[in-house]
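Heads up: the protein sequence lines correspond to chains A, B and C, in order. Be aware that the first sequence starts at 1, since it is given in my numbering, and climbs by one per residue. Be aware that the second sequence starts at 1001, since it is given in my numbering, and climbs by one per residue. Be aware that the third sequence starts at 2001, since it is given in my numbering, and climbs by one per residue. Cβ atoms here follow ideal geometry from the backbone N, Cα and C, with glycine treated the same way. Please read these numbers as outputs of a predicted model, since none were measured by experiment. Here the structure is laid out as structure tokens; the discussion comes afterwards.
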Amino acid sequence: MNPTLDQLCEQFGRLVGTVPVPSKPPVPTASSSVGPALGLPVAASGEGRVAGPASESGAGLRPADQAAKMAAHPPPAPTGPIQKTDHAAKGYDLDVTVAPTQIVMAAEIMDRAGFGLDAITGVDWLAQEQMEVVYDYFHPTAPGRVAVRTRVPRARPEVPTIAAVFPGANWHERETHDFFGLVFAGHPDLSPFLLPEDATFHPLRKDYQP
Amino acid sequence: MNILTHEPYRLLLALVALLAFVGVNAMYLVLAERKGAGRFQRRPGPNEAGYGGWLQPVADVAKLLSKQLLVPPGTDTILFRLAPLIVLAPAMMCLAVVPFSDTLTARDVNFGLLMVFSFGSINVLAIMLSGWSSRNKYAIISAARVVSQNVAYEIPMLLVAITLLMITGTMDLNEIVRQQAGGFWHWNLFRVWVNPLMPVTFVIYFICMLAETNRAPFDMAEAESELVAGAFTEYAGMGFGVFFMAEYANIVLGSSLATVLFLGGWQSPFGVFSGVLWFLLKMYALVFTVIWVRWTFPRTQFYGLLNLSWKILIPISLFTLLLSSALLKLVHA
Amino acid sequence: MTSPADSAVRPGVNETFVLNLGPQHPAAHGVLRVKMTMDGEYVMRAEPVIGYIHRMHEKMGENRTWAQFLPNTGRIDYLSALHYNHAYVAAVERALKIEVPRRAEFLRVITSEMNRISSHLVWWSAYLIDLGGLTPLLYAFDDREKLLDLLEAVTGSRLTYTYFRFGGVYNDVDEAFLRGTRQFVREFRPRLKMYRDLVTDNIILRKRLENIGPISAEQCRKYGATGPVIRGSGVAYDVRRAEPYSVYPELDFEIPTRPEGDSMARYLVHMAELEQSLRIIEQGLDRLPDGPVLGKVPRVLRPPAGDYCFAVEAARGRFMVRLVSDGKDIPYRVKLRTPSFSNLSLFEETSRGMILPDALALMGSLDLVIPDIDR
Chain A
1 MNPTLDQLCE
11 QFGRLVGTVP
21 VPSKPPVPTA
31 SSSVGPALGL
41 PVAASGEGRV
51 AGPASESGAG
61 LRPADQAAKM
71 AAHPPPAPTG
81 PIQKTDHAAK
91 GYDLDVTVAP
101 TQIVMAAEIM
111 DRAGFGLDAI
121 TGVDWLAQEQ
131 MEVVYDYFHP
141 TAPGRVAVRT
151 RVPRARPEVP
161 TIAAVFPGAN
171 WHERETHDFF
181 GLVFAGHPDL
191 SPFLLPEDAT
201 FHPLRKDYQP
Chain B
1001 MNILTHEPYR
1011 LLLALVALLA
1021 FVGVNAMYLV
1031 LAERKGAGRF
1041 QRRPGPNEAG
1051 YGGWLQPVAD
1061 VAKLLSKQLL
1071 VPPGTDTILF
1081 RLAPLIVLAP
1091 AMMCLAVVPF
1101 SDTLTARDVN
1111 FGLLMVFSFG
1121 SINVLAIMLS
1131 GWSSRNKYAI
1141 ISAARVVSQN
1151 VAYEIPMLLV
1161 AITLLMITGT
1171 MDLNEIVRQQ
1181 AGGFWHWNLF
1191 RVWVNPLMPV
1201 TFVIYFICML
1211 AETNRAPFDM
1221 AEAESELVAG
1231 AFTEYAGMGF
1241 GVFFMAEYAN
1251 IVLGSSLATV
1261 LFLGGWQSPF
1271 GVFSGVLWFL
1281 LKMYALVFTV
1291 IWVRWTFPRT
1301 QFYGLLNLSW
1311 KILIPISLFT
1321 LLLSSALLKL
1331 VHA
Chain C
2001 MTSPADSAVR
2011 PGVNETFVLN
2021 LGPQHPAAHG
2031 VLRVKMTMDG
2041 EYVMRAEPVI
2051 GYIHRMHEKM
2061 GENRTWAQFL
2071 PNTGRIDYLS
2081 ALHYNHAYVA
2091 AVERALKIEV
2101 PRRAEFLRVI
2111 TSEMNRISSH
2121 LVWWSAYLID
2131 LGGLTPLLYA
2141 FDDREKLLDL
2151 LEAVTGSRLT
2161 YTYFRFGGVY
2171 NDVDEAFLRG
2181 TRQFVREFRP
2191 RLKMYRDLVT
2201 DNIILRKRLE
2211 NIGPISAEQC
2221 RKYGATGPVI
2231 RGSGVAYDVR
2241 RAEPYSVYPE
2251 LDFEIPTRPE
2261 GDSMARYLVH
2271 MAELEQSLRI
2281 IEQGLDRLPD
2291 GPVLGKVPRV
2301 LRPPAGDYCF
2311 AVEAARGRFM
2321 VRLVSDGKDI
2331 PYRVKLRTPS
2341 FSNLSLFEET
2351 SRGMILPDAL
2361 ALMGSLDLVI
2371 PDIDR
């Protein structure tokens, strides 16, 4: 592994904290609110707990239904927030999972390391009532591809904007907003970009009815 | 009574002939341009209408005439309709004093050179009117560019004209041609003992002519790829056709003037058998060069164009003016 | 430019106006609208408005099987369709660990480079038309016709190719193709020299492009601009070297780079890439091995759940496909990261304060294909 990626692992490790992600989805209790059940950092505590990709929807669904939903859309198995991947198998070298509030700091780490923004991808995990945002970064002069991901609840899909760090993210975020309805807090102009100016729908959502 | 010598009828006949000349030229120069463009681009050009495309201008004129003459709302209607009329008139008036041969001049005035240059600047006014009255941002930008370009390039042209005036000593175009009698070494182009930079002067005149007629590489006014059709965007049908005709009429006028001033007019290069055919041959050779240049070079930038005029052509033409006047005074007094 | 006296006469009046380089425009390279706030001839702000040819390929990806989406890839950037084919099939091959035979890999590289040449020839023609030189189009398209004829014999299409399949290519090439391609390479090199002498060295063109539209390497990185844009700013970034794929590691070619960062630099990078593509084609033809052209592919494609990326160096820059699979035979999400989208995003910042023809020269040098932006 080349030294740049090792340094990045170290920096991300500090950002993310060394709290390990639970490998099994936590069983929801009737009294839990949406936040802790999803594993998202609660605003009051302010810890660096990461959002595990294996968390499921909030209270209300019976375990049997949940299990059935999970089987239909099996999520990728989480093995940790910072994962070195095989480029030949996946196409990127480092896979980092952060909380939505840590996205801007992650972008700053990438910016300082000299990476450029490749793409911002939204994925709508309807079964888990989450939306995932994946930030791909490439380096113009060194080898290494990094993917930084985060998950937000589908009911309140808000992610801070990284347009201040990477001006190119302005357009990518506008497009992702068009397709998914993801709100990038702090973005200067989230008006429809690829869709018509008066569009109010978000076509790439899984529950979109044309 | 011989109609060719009785004065009012001769003038009338000559003017009618000139109108026909300008009209036919405008029509067939368009075809020549398109066929020339085709050949430079390794394709045949129009060859469907008539044999080899010779009826294409007829088809073009029929098409243009059949279109509705739109006057867009919000334009200044009087100026909008006036502009095409004004743009064609100067070319025809100036051609009236150009000597096609020693007997074929519509009106032989002894200030022909002055008249040509004074009337020649009217077409700038017409283009500006068309751009201004169109209520179209592209047209306004184009009109502004045309005015600055034409003003900038009139100055070297006038300096060249003044140089020639000093050298030849007369403003009468027919007299200028008569001075170039004999072989081609008598042509003004080769009169280097009075003005050693005479060929350079000719090139400057040619460049200024390209710029005055808004031809590529100085066609900022049209600049099809940027400003759609520039000052003429809002004109439809024959209104646009008239601007087109005027452009070719101006090219013919500029080439005729270059022929008369530099290339010996109707004088034959061998000293014998002079006549109108030599004039036409030389003029059309220059027109061909104008067409050639258009399809070979890309367009200059606007400020590059103005820089060329103000910073390069004007100093050079001023220098040649001073040089020839010094030589005339000191050597040929 | 307004003088202080003008503002004094009518205080508070904004002297700028909005010029719409509308969706229908000879220089817009497609249906792109640029709202330019102009002060006289100077562009104060150029805001691209896109979406006029948005066909939502990414949603189509979620409604078709993996194989049914393949023809879509050729329509994203119609000028370099084979590169886009390549990224998609290679992403699925990566997910399913499909082996591609060597002959197929070489054929992919040869045809991709031919596609790169024909794409650059179209860019060159269109760029010169923007600048007022209307003749080179006819010459470039003459060369391009030869390429299109060769590719049509093999792939069946002239423009929007769907030649690649999962596991290789669908049609083998014959002796006529190999002969024709070698002949094309032989004939194209003198043509390149003619283009250099007549067009690239033309002083009017040089004055139009030199020092126009400078883009720094830092701006490229911040906006994610790739391809000739970043290579014209001095950074030798090419996906064929950064994330090597297919048989490019075995081939010997250079990455043309220019340090100046102006439109002339991007122009020269494009022209140099034509020469490098010829080199790659020659080497590919020399080393083309025998063998099958299609590998073993499972009957029903069900990539394991997870996400996979693949990036190629398309004619315009870095094209990346990100596939999210949930184990079904229909993709869960197909993300297409197109180069023109990122390349155009820096136009707003870099064109501030430029005069209109220079802004258009800058836009032309970015080599945009609008369906590539809108998908």
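Against chain B, the CB of residue 2041(C) has a partner CB under 8 Å away; the residue lies at that interface.
With the rule of 3 Cβ pairs closer than 8 Å, the stretch 2238-2257 of chain C counts as touching the stretch 2096-2108 of chain C. At the C-beta level, residue 16(A) and residue 82(A) come within 8 Å of one another. For residue 1207(B), the three-state secondary structure derived from DSSP is helix. Taking the Cα of residue 2264(C) as reference, the smallest distance to any Cα among 2349(C), 2356(C), 2212(C), 2039(C) is reached at 2212(C). Residue 1320(B) has its alpha-carbon roughly 9 Å from the corresponding atom of residue 1200(B). Contact between the stretch 2129-2138 of chain C and the stretch 2146-2165 of chain C is absent, with fewer than three C-beta pairs closer than 8 Å. Assigned with DSSP and collapsed to three states, residue 2056(C) falls in coil, not helix or strand. Distance from the CA of residue 2266(C) to the CA of residue 1238(B), rounded to the nearest whole angstrom, comes to 43 Å. By the beta-carbon neighbour count (other beta carbons within 10 angstroms, threshold 16), residue 2110(C) is buried.
Excluding the 5 residues flanking it on each side, residue 1070(B) has same chain C-beta neighbours closer than 7 Å at 1236, in chain order. With its beta carbon less than 8 Å from one in chain A, residue 2324(C) belongs to the interface. With distances taken between CA atoms, residue 1143(B) lies nearest to 1220(B) out of 1220(B), 1095(B), 1171(B). For residue 2223(C), the nearest CB of chain A lies under 8 Å from its own CB, placing it at the interface with that chain.
Contact of residue 2184(C) with chain B is not assigned, every C-beta pair being separated by 8 Å or more.
Straight-line spacing of the CA atoms in residue 1051(B) and residue 1044(B) works out to 13 Å. Rounded to the nearest angstrom, the gap between the Cα atoms of residue 1105(B) and residue 1115(B) is 14 Å. Per DSSP, the continuous beta strand (DSSP E) segment holding residue 97(A) begins and ends at 94-97.
In this structure, DSSP gives residue 117(A) an extended state, which the three-state scheme calls strand. Under the 8 Å Cβ criterion, the stretch 2348-2356 of chain C does not count as touching the stretch 2317-2336 of chain C, having fewer than three qualifying pairs. With a threshold of 8 Å between beta carbons, residue 2319(C) makes no contact with chain A. For the stretch 178-190 of chain A, the set of positions with a beta-carbon nearer than 8 Å to some beta-carbon of chain C reads 179 in chain order. The Cβ atoms of residue 92(A) and residue 136(A) sit closer than 8 Å to each other. Contact annotation: in the stretch 2251-2276 of chain C, no residue has its CB less than 8 Å from a CB in chain A. In its chain, beyond the 5 residues on either side, 2016, 2018, 2044, 2045 have a beta carbon closer than 7 Å to the beta carbon of residue 2037(C). When DSSP states are grouped into helix, strand and coil, residue 2116(C) belongs to the helix group. The contact set of residue 2194(C) on chain A, defined by CB atoms closer than 8 Å, is empty, because the minimum CB distance reaches about 34 Å. Boundaries of the beta strand (DSSP E) harbouring residue 2308(C): 2306-2314, taken from the DSSP string. Flagged as an interface residue toward chain B: residue 2017(C), by a C-beta distance shorter than 8 Å. Judged by pairs of C-beta atoms under 8 Å, the stretch 2167-2178 of chain C does not touch the stretch 1251-1264 of chain B, as fewer than three such pairs exist. For residue 1141(B), the number of other beta carbons within 10 angstroms of its own is at least 16, and it is reported as buried. A direct Cα-Cα distance of roughly 6 Å separates residue 2204(C) from residue 1300(B).
Between the C-alpha atoms of residue 2158(C) and residue 127(A) there is a straight-line separation of about 43 Å. Contiguous beta strand (DSSP E) elements confined to the stretch 2088-2175 of chain C do not occur, taking only those with 3 or more residues.
In this structure, residue 1231(B) keeps its C-beta atom at 8 Å or more from the C-beta atom of residue 1153(B). For residue 2325(C), the secondary structure class from DSSP, reduced to helix, strand or coil, is strand.
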